[in-house]
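Q: In the order they appear, the protein sequences are chains A and B. Going left to right, the first sequence walks through residues 1 to 355 as the working numbering numbers them. Going left to right, the second sequence walks through residues 356 to 710 as the working numbering numbers them. Using N, Cα and C, we set each Cβ at its ideal position, and we do this for glycine too.
There are 2 protein chains.
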Amino acid sequence: MTELKNDRFLRALLREPVDQTPVWIMRQAGRYLPEYRATRAKAGSFMDLCTAPELACEVTLQPLERFALDAAILFSDILTIPDAMGLGLYFAEGEGPRFKSPVQNEADVKRLSVPDPELDLGYVMDAVRLIRKELGGRLPLIGFSGSPWTLATYMVEGSSSKEYAKVKGMMFDRPDLMHSLLDTVARSVIDYLNAQIAAGAQAAMIFDTWGGMLTPRDYNTFSLNYMAQIVDGLTRENDGRNVPIILFTKGGGAWLETMADTGCDALGLDWTTDIGEARKRVGERVALQGNMDPSILYASPERIREEAATILKSFGPGSGHVFNLGHGIHQHINPDNVKVLVDAVHELSTPYHQE
Amino acid sequence: MTELKNDRFLRALLREPVDQTPVWIMRQAGRYLPEYRATRAKAGSFMDLCTAPELACEVTLQPLERFALDAAILFSDILTIPDAMGLGLYFAEGEGPRFKSPVQNEADVKRLSVPDPELDLGYVMDAVRLIRKELGGRLPLIGFSGSPWTLATYMVEGSSSKEYAKVKGMMFDRPDLMHSLLDTVARSVIDYLNAQIAAGAQAAMIFDTWGGMLTPRDYNTFSLNYMAQIVDGLTRENDGRNVPIILFTKGGGAWLETMADTGCDALGLDWTTDIGEARKRVGERVALQGNMDPSILYASPERIREEAATILKSFGPGSGHVFNLGHGIHQHINPDNVKVLVDAVHELSTPYHQE
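Here it is in structure tokens:
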């Protein structure tokens, strides 16, 4: 395959020296970009956009044309696996994801089987291959999946939830059933991410959006445990290069040590943990990705630069930091402010990477 | 005044010996109780219920008839102060609180003044006096307020918010204005809580619902800083007894040490922190209140008892623990399960309080 022209992102994840701190933005291909909204309108529904490889490729590349980002991330949804399991994913306008057939009882759990990524999720693998081709070695491509606990939450609730009554009811009263569900989902995620890596993904990130609403004990048992199985099961090399694995539990700042114990390469941080403190705790073992409050992008360019400087200073000299927001970019952000941020990270980080 | 018959709650907050771990439930007077829904229907709107002292008293007492709770908490809303400032609080059906005149600019901030609790919030003080009279010394009464940051969030956003674009925009770009707003609100909270204490509240709790969505630095500067001013400004004695102060920042588990530095008597914990770990960190300085996952109340009575036992064991022997949920009780909980929990806490905690 083509030599990678910009490998800062992969090097920083492996804590190898870099010239500048790499930066990408969670949800960098998204609604804040007018060109994304145009492609989305052309596609029809959100799922139509996800399932058309050439359109998924188009929106994946859009932010790279505007900003000096150091990585591309596959445009897809975190709920493709349960959809491939037959739960019938759809998006009610303004209401987030829903499933036509949520998992409600033991029979529903037993009925689930591990999808074949190339047969059942071929549109994702085709998108990965097409994006790699279009990138032409310019930047690395990140593949991703939701965590088993996060996927299970949607699968059992059938939609977004504020109280998690159903999924927690199952967890507390039928832990056996919950473990059976999570085991099937974890095996599915392993196959799915390995297929993405085989198709060309050069790093993989696991998004654990809802692990942070568990007690520490339940987090270990029902979320982290299955992410650790995934880390163990993933192909960690491709084209003679390491494929780094990033774990991100929103609200998981208290649990970085046990997250690092999984053997992953990097941890995503939301903005409620100071990145310098996090580095002191786990920075000898894993790289850190994050962690600017996404709301800073509503502020002035001066304030955005100042905040980038604060985070870079908090992390301090040396490699092992991938700059990002602490959560996905909001839809009403002015894209010009993203350019300010990306350029500031490169410029202001240079002194931290000199001998 | 009448001698207090059950003072476990006040004693535990001051880490004085008790016979059993006291327990109360955040939002114990609320929609999960059919008798509450009946009173609410009789009252009309939610604000009609809050502003009628005899109805507020009625719903405050309702859960005490059903469960062996160790404290009553004033029934009111956290947004009474901004309402008294003239922002026009109302509740859109199914949408949470809204303000007719949110705080949008410098002129709006300058216009705000500190309400006189007896003149402008007399209905709250009347409710406190009436509840104290009706309680007749049976149990202590908790007064409360929202934290300045939490109140400011609603005041600037004008409603609940997912992204906090406006309030964070003001915080990042006009910190001077945000500090001016927070200072006015903090002085208002001091007067408001001192008036509740003068009217008969025997403990006070500050609810910082939104402090947990700040960075550690911004939490210290914009939330904790003003809660510390309040702790400094409160009357700490009444009828010859200490009036303990409880601080609760949802999502603030990483910041317990600096919260204890305010000089408060107790910290509320949500369920994402292990209470035994929290006790090791700050238990020599403050009592702890919490911290069962509210969703456990969807589970079976056996599972609820088991979870109560786990939390009591994690805290361990000795005083300094007030049992509670880690957040308000959900509206679809079966009240019978609350009885299971309250009785379990008393029964299962007894061995931890023997010499």
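Can you list, in chain order, the residues of its chain with a C-beta nearer than 8 Å to that of leucine 69 (chain A)? Leave out the 5 residues immediately preceding and following it.
A: For the purposes of this step, residue 69 (chain A) is taken as the residue at position 69 of the first sequence. Closer than 8 Å at Cβ, skipping near neighbours: Val23, Trp24, Ile25, Gln28, Pro63, Leu139, Val342.
Q: Could you tell me which of B:Leu490, B:Asp463, B:Thr376 sits nearest to leucine 429 (chain B), measuring between CA atoms?
A: Within the second sequence, the letter at position 74 stands for residue 429 (chain B). The residue with the shortest Cα to Cα distance from leucine 429 (chain B) is B:Leu490.
Q: Determine, using beta carbons only, whether isoleucine 78 (chain A) comes closer than 7 Å to chain B.
A: The residue labelled residue 78 (chain A) in the question sits at position 78 within the first sequence. It does not; no Cβ of chain B falls within 7 Å.
Q: Can you list the alpha helix (DSSP H) stretches of 4 or more residues lying completely in the stretch 23-70 of chain A, in chain order?
A: List check, alpha helix (DSSP H) in window: 34-43, 46-51, 53-66.
Q: In whole angstroms, give me the CA-to-CA distance for histidine 179 (chain A) and isoleucine 190 (chain A).
A: Your numbering for residue 179 (chain A) matches position 179 in the first sequence. Your numbering for residue 190 (chain A) matches position 190 in the first sequence. Their Cα atoms are separated by approximately 16 Å.
Q: What does the alpha-carbon distance come out to for the pair glycine 513 (chain B) and arginine 453 (chain B)?
A: What you label residue 513 (chain B) is simply residue 158 of the second sequence in a count that begins at 1. What you label residue 453 (chain B) is simply residue 98 of the second sequence in a count that begins at 1. Those two C-alpha atoms are separated by around 5 Å.
Q: Just the Cα atoms here: how many angstroms apart are isoleucine 311 (chain A) and histidine 708 (chain B)?
A: In the first sequence, the residue the question calls residue 311 (chain A) occupies position 311. In the second sequence, the residue the question calls residue 708 (chain B) occupies position 353. Each residue's alpha carbon lies about 47 Å from the other.
Q: Out of A:Lys100, A:Ala84, A:Leu348, which one is the CA nearest neighbour of phenylalanine 91 (chain A)?
A: Translated into positions along the first sequence, residue 91 (chain A) becomes position 91. Nearest C-alpha to phenylalanine 91 (chain A): A:Lys100.
Q: What does tyrosine 90 (chain A) touch in chain B if you count any residue whose Cβ is under 8 Å from its own?
A: Looking up residue 90 (chain A) in the first sequence gives position 90. None at all; the shortest Cβ gap to chain B is about 21 Å.
Q: What distance in whole Å lies between the Cβ atoms of valine 124 (chain A) and threonine 80 (chain A), which are believed to be in contact at a cut-off of 8 Å?
A: Here residue 80 (chain A) refers to the residue found at position 80 of the first sequence. Here residue 124 (chain A) refers to the residue found at position 124 of the first sequence. That pair is a contact at about 6 Å.
Q: Tell me whether isoleucine 275 (chain A) sits in a helix, a strand or coil according to DSSP, three-state version.
A: Locating residue 275 (chain A) in the first sequence gives position 275, where the first residue counts as 1. Helix at isoleucine 275 (chain A).
Q: When you compare each of B:Asn597, B:Pro672, B:Gly618, B:Ala393 to arginine 634 (chain B) by their alpha carbons, which one comes out closest?
A: Taking the first residue of the second sequence as position 1, residue 634 (chain B) is located at position 279. Nearest option by C-alpha distance: B:Pro672.
Q: Does the beta-carbon distance from leucine 193 (chain A) to alanine 186 (chain A) come in below 7 Å?
A: As a first step, residue 193 (chain A) is located in the first sequence; it is residue number 193 there, counting from the start. As a first step, residue 186 (chain A) is located in the first sequence; it is residue number 186 there, counting from the start. Cβ atoms of leucine 193 (chain A) and alanine 186 (chain A): not closer than 7 Å.
Q: Within 10 Å of its beta-carbon, does histidine 685 (chain B) have 16 or more other beta-carbons around it, so buried, or fewer, so exposed?
A: Translated into positions along the second sequence, residue 685 (chain B) becomes position 330. Buried: at least 16 other Cβ atoms inside 10 Å.
Q: Looking at C-alpha atoms only, which residue of B:Ala367, B:Val700, B:Ser704, B:Gly443 is the closest neighbour of tyrosine 509 (chain B)?
A: Position 154 of the second sequence, counting from 1, holds the residue named residue 509 (chain B). It is B:Gly443.
Q: Does alanine 664 (chain B) come within less than 7 Å of chain A when only Cβ atoms are used?
A: The count along the second sequence starts at 1 and reaches residue 664 (chain B) at position 309. No, no contact with chain A.
Q: May I have the straight-line CA-CA distance separating glycine 631 (chain B) from phenylalanine 670 (chain B), to the nearest angstrom?
A: The residue you call residue 631 (chain B) lines up with position 276 of the second sequence. The residue you call residue 670 (chain B) lines up with position 315 of the second sequence. Each residue's alpha carbon lies about 5 Å from the other.
Q: Go to serine 500 (chain B), then tell me how far its alpha helix (DSSP H) extends in each direction, as first and last residue.
A: Mapped onto the second sequence, residue 500 (chain B) falls at position 145. Where serine 500 (chain B) is concerned, there is no enclosing alpha helix (DSSP H), although the beta strand (DSSP E) it sits in stretches over 496-501.
Q: Please name the residues in the stretch 676-709 of chain B whose beta-carbon is closer than 7 Å to at least one beta-carbon of chain A, in chain order.
A: Cβ contacts with chain A: His685, His687.
Q: On the DSSP letters alone, give me the boundaries of the beta strand (DSSP E) that asparagine 549 (chain B) sits inside.
A: Residue mapping note: residue 549 (chain B) aligns to position 194 of the second sequence, counting from 1. Counting along the chain, asparagine 549 (chain B) falls outside any beta strand (DSSP E), though it belongs to the alpha helix (DSSP H) covering 530-554.
Q: Can you tell me whether glutamine 202 (chain A) is buried or exposed, with buried defined as 16 or more other CB within 10 angstroms of its CB?
A: For the purposes of this step, residue 202 (chain A) is taken as the residue at position 202 of the first sequence. With 16 or more other Cβ atoms within 10 Å, it is buried.
Q: Which residues, taken in chain order from the stretch 500-519 of chain B, show a beta carbon closer than 8 Å to some beta carbon of chain A?
A: For the stretch 500-519 of chain B, which is checked against every Cβ of chain A, the residues closer than 8 Å are Glu518, Tyr519.
Q: Name the residue from B:Ala427, B:Gly501, B:Pro656, B:Ser543 whose alpha carbon lies nearest to the alpha carbon of aspartate 471 (chain B).
A: On the second sequence, position 116 is the one that residue 471 (chain B) refers to. The shortest Cα separation from aspartate 471 (chain B) among B:Ala427, B:Gly501, B:Pro656, B:Ser543 belongs to B:Ser543.
Q: Using DSSP with H/G/I as helix, E/B as strand and the rest coil, what is alanine 287 (chain A)?
A: Stepping through the first sequence from its first residue, residue 287 (chain A) is reached at position 287. Reduced to three states, the DSSP call for alanine 287 (chain A) is strand.
Q: When the cut-off is 7 Å and only beta carbons count, does aspartate 648 (chain B) lie next to chain A?
A: Translated into the one-based positions of the second sequence, residue 648 (chain B) becomes position 293. Yes, aspartate 648 (chain B) lies at the interface with chain A (some Cβ there is under 7 Å from its Cβ).
Q: Under the three-state reduction of DSSP, which class applies to proline 17 (chain A): helix, strand or coil?
A: For the purposes of this step, residue 17 (chain A) is identified with residue 17 of the first sequence, where counting begins at 1. Here proline 17 (chain A) sits in coil by DSSP.
Q: Excluding sequence positions up to five away, which residues of its chain have a Cβ less than 8 Å from the Cβ of isoleucine 552 (chain B)?
A: Position 197 of the second sequence, counting from 1, holds the residue named residue 552 (chain B). Around isoleucine 552 (chain B): Gly498, Ala559, Leu589, Thr590, Asn593, Val598.
Q: Can a CB atom of chain B be found closer than 7 Å to the CB of aspartate 265 (chain A)?
A: Mapped onto the first sequence, residue 265 (chain A) falls at position 265. No, no contact with chain B.
Q: Starting from the C-beta of serine 160 (chain A), find all residues in its chain whose C-beta is less than 6 Å away, skip the five residues before and the five after it, and write them out in chain order.
A: The residue labelled residue 160 (chain A) in the question sits at position 160 within the first sequence. Answer for serine 160 (chain A): Gly96, listed in chain order.
Q: Which residues in chain A have a C-beta closer than 9 Å to the C-beta of isoleucine 545 (chain B)? List them in chain order.
A: Your numbering for residue 545 (chain B) matches position 190 in the second sequence. Near isoleucine 545 (chain B) there are no residues of chain A at all, since even the closest Cβ is about 27 Å away, more than 9 Å.
Q: Output needed in chain order: residues of the stretch 577-603 of chain B with a Cβ under 8 Å from some Cβ in chain A.
A: If the cut-off is 8 Å between Cβ atoms, the stretch 577-603 of chain B has nothing near chain A.
Q: When burial is assigned at 16 or more other CB atoms within 10 Å of the CB, is asparagine 460 (chain B) buried or exposed?
A: Residue mapping note: residue 460 (chain B) aligns to position 105 of the second sequence, counting from 1. When all chains shown are included, asparagine 460 (chain B) counts as exposed.
Q: Check whether the Cβ atoms of methionine 736 (chain B) and leucine 624 (chain B) lie closer than 7 Å to each other.
A: Limits of chain B in this structure are 356 at one end and 710 at the other, which puts residue 736 (chain B) out of reach.
Q: Between the Cα of phenylalanine 364 (chain B) and those of B:Ser674, B:Val637, B:Pro706, spot the shortest distance and give me the residue it belongs to.
A: In the second sequence, the residue the question calls residue 364 (chain B) occupies position 9. Closest by alpha carbon: B:Ser674.
Q: Can you tell which of A:Ser349, A:Thr184, A:Asp293, A:Glu163 has the C-alpha that lies nearest to the C-alpha of serine 113 (chain A)?
A: Position 113 of the first sequence, counted from the first residue, corresponds to residue 113 (chain A). Of the candidates A:Ser349, A:Thr184, A:Asp293, A:Glu163, the one whose C-alpha sits nearest the C-alpha of serine 113 (chain A) is A:Thr184.
Q: For glycine 399 (chain B), count the other beta carbons within 10 Å of its own beta carbon; 16 or more makes it buried, fewer makes it exposed. Which is it?
A: Within the second sequence, numbered from 1, the residue matching residue 399 (chain B) stands at position 44. Under this definition glycine 399 (chain B) is an exposed residue.
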